[in-house]
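Numbering (our numbering), first residue to last: 8 to 210.
All residues carry an ideal CB built from backbone N, CA and C; glycine is no exception.
Data first, discussion second: the structure below is written as structure tokens.
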């Protein structure tokens, strides 16, 4: 997904240009979240960003191009949020707890991610698939690290990585997107999920 976005986006060479590109991506996120890809428009994105219409084409060739770049940007933002929550000294199960809590917090602050990623399945299937494939790959690498240090049982692999990702995605949907004030907090939800993993992954 990232390589396709790079091929369709004109990356700025200055800090000012990067700020403008960031404004366009943030405006696109708001526009597509409110109106969807097909009803959203470049002119609406530039109005939200507060830039001239011609400025859009300095950074993106089309509405499709900014959508692909946005999906890649959101996927990277999720990776960064989880990465910042994970510390080198953490035990493997604590890593999964921290990654899930970080994702739930991120999704709660950026609820548009669910609509945009889901719409990518139809707008740009390659971006949609790559988002989930790269996420599952990171989880699988964490599982393999846990096996290597003896915390997890042998034989864990791709199926378990996708199962964990699926659990995280739907917990995010339930508690970050559909949540209410009476729901348990992200820490408790993450702990419950972690308890489930502990019984299924540990030696």
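Residue pairing by DSSP places residue 159 opposite 209 in a beta bridge. Closest in C-alpha terms to residue 57, from the list 31, 104, 180, comes 31. Remark: C-beta atoms of residue 53 and residue 63 approach each other more closely than 7 Å. Each of 25, 124, 87 was checked against the Cα of residue 66, and the nearest Cα belongs to 25. Counting the other Cβ atoms within 10 Å of the Cβ of residue 28 gives 16 or more, which makes it buried.
Residue burial annotation: residue 149 is buried, with at least 16 other C-beta atoms found within 10 angstroms of its C-beta. As the crow flies, the alpha-carbon of residue 194 is around 17 Å from that of residue 185.
Straight across, the Cα-Cα distance linking residue 106 with residue 21 is about 33 Å.
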